[in-house]
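For the sequence shown, this note's numbering gives the first residue as 862, with consecutive numbering after it. Ideal Cβ placement from N, Cα and C applies to all residues, glycine included.
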Amino acid sequence: MPRPLVGVDWGTSSLRVARIAVDGQALEARELPRGILTVPAGGFAAVLQAACAGWLDAPAPLVLMCGMVGSRQGWLEVPYARCPAGFEALVAGLAWPEPGRMAIVPGLRCENAGVPDVMRGEETKAFGVLRVLGLDQARVLMPGTHAKLATLADGRLQGFATCMTGEAYALLRQHSILARTLPAQDGPLHEPAFLRGLDIAHAGRGLLHAAFSARTLALFGQLDEAQGPSFLSGLLIGEELRERALQPAGPPLVLVGADALTRRYALALAHLGLPAQTAGQEATWCGLRAIADAWEAARP
């Protein structure tokens, strides 16, 4: 019988924990606003203990953590494993704040045109997607502050590329001249405005030029203030998808991430004629279960 497992997805701004069943499903899950930047020096063990109250008693589970908890600002800096990487590389790279009981999954690094790229946490989610959907290969698109597109085949994550889509949206939304024509709150998605931004981005004029259209369209009364955030979101997501040059042919394309953002990407991909499947946030728990199983299998 596999050892009981507690999974931890510890990011910059939030902490998610779950008791994970043998099939990778969460038996019980909790989410707290205790990202790594809120934890004082030397305080990670206490925050984890509080988050997992009642779960860490005998029989002692394996606690497997992923995400920014393994970064320089986290509990313990864990060296990146190199792509292509499979479960054996992730298991070999585990770092143990508490040997035999608590481990942190290493992030991954790759190179694109000689420039390094990195991820922490998304590797676990990407492997979990394969298990959730029963796939042996996939292109996994993970929207977010730093959106990732990972390619998986032959049991390995072959490579990936990061786009700072969410962060660029926040910067333009809050700290550029565009902020003066946008409402204080984003409000609900306005699909026509979103798709209009998407189409302008895909016309290929480049973001530095296209972004100014959010101001000029509003200036001449062709874009309502309330539609501005949706239009800008369409521009940024459209630019990301244009740069990625995705094609319908190839391994299945899977979206996984927060529901609201994933729905925007699904709308954009459908508009561009790119079929995509979706997987929920439970992919992280399935990924941690798969890594734990690989660790158990590798033990002497």
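- Going by DSSP, R864 is part of no alpha helix (DSSP H) at all; its letter is neither H nor E.
- Contact annotation, G954 with D870: C-beta distance approximately 18 Å; criterion of less than 8 Å not satisfied.
- With distances taken between CA atoms, A1008 lies nearest to E1028 out of G1016, V993, L1078 and E1028.
- With respect to T1026, R1076 sits apart: the two C-beta atoms are not nearer than 8 Å.
- In summary, L1116 is buried, with 16 or more beta-carbon neighbours lying within 10 Å of its beta-carbon over all protein chains present.
- Excluding the 5 residues flanking it on each side, L1107 has same chain C-beta neighbours closer than 6 Å at L1135, in chain order.
- About 12 Å separates the beta carbons of T985 and I881, which is beyond the 8 Å limit, so they are not a contact pair.
- When Cβ pairs closer than 8 Å are counted between the two stretches, the segment 929 to 937 is seen to touch the segment 892 to 899, the count reaching three or more.
- Relative to R981, the option among T1145, G975 and P1090 whose CA is nearest is T1145.
- For G1099, no beta strand (DSSP E) segment is defined; the enclosing uninterrupted segment is the alpha helix (DSSP H) at G1089 to R1105.
- In the structure shown, the three-state DSSP call for T873 is coil.
- As a beta-bridge residue in DSSP terms, P977 pairs with E972.
- DSSP places E984 within a helical segment (H, G or I) once states are collapsed to three.
- Measuring C-alpha to C-alpha distances from A974 to each of P1113, F1021, A907 and Q886 identifies F1021 as the nearest.
- The beta carbon of A946 is closer than 8 Å to those of L969, E984, R1017 and L1018 in its chain, skipping five residues each way along the sequence.
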